[in-house]
Amino acid sequence: MDCIFCKIINKEIFSYSIYEDKIINVILDNNPNSNGHILIVTKKHYENIKDIDLEIMNHINVIIKKMYKHILEKLNPDGITIVQNNGFGQDIKHYHMHLIPKYKEKQELLDLKDIYELLK
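Residues 20 to 139 (this note's numbering) make up the sequence shown, in order.
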């Protein structure tokens with residue numbers, strides 16, 4: 020399978036991982052919209068939300084809340100956008116959630132390694 024997230028999960032491609040368990044991996048977005056933009060990625064390949072059972076979705080929601088609090092504590096954004104695309108507009112056909120910190124003041128994007136050090 021030629022899926023970038025599967026390759027990241029299998030450690031074939033490097034990514035900054037800030038949290039991992041048996042179901043998901045939380046990584047920094049390599050092309051962030053803002054400082055602290057993270058992706059919550061399922062380890063098992065599901066194309067989109069319709070393929071995921073309720074138990075996995077509940078676990079993902081627990082991790083979303085955990086990461087939301089973590090970003091607030093570490094980066095102090097003014098808000099956080101949570102988004103997930105299915106079908107049209109879904110660039111990578113592997114289920115993932117975006118948590119995108121929002122800042123009132125325009126910020127220059129920091130290096131991913133620096134963001135990783137703040138969030139790890």
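We put the CB at the ideal spot given by N, CA and C, even for glycine. Please read these numbers as outputs of a predicted model, since none were measured by experiment.
Between the Cα of residue i and the Cα atoms of the options, which residue gives the shortest distance?
i: residue 114; options: 61, 138 and 23; result: 61
i: residue 132; options: 43, 34, 68 and 27; result: 34
i: residue 139; options: 26, 44, 31 and 75; result: 44
One question on the structure: do residue i and residue j come within less than 8 Å of each other, judged by their Cβ atoms?
i: residue 64; j: residue 22; result: yes
i: residue 109; j: residue 67; result: yes
How close, in whole Å, do the beta carbons of residue i and residue j come, if the pair is a contact with beta carbons under 8 Å?
i: residue 122; j: residue 86; result: Contact doesn't hold; Cβ gap of about 17 Å is too wide.
i: residue 42; j: residue 75; result: 6 Å
i: residue 47; j: residue 134; result: 6 Å
Is DSSP giving residue i helix, strand or coil here?
i: residue 43; result: strand
i: residue 129; result: coil
i: residue 23; result: helix
query: Which parts of the region 56-102 are runs of the alpha helix (DSSP H), unbroken and 4 residues or longer, counting only runs that do not cross its ends?
result: 73-94
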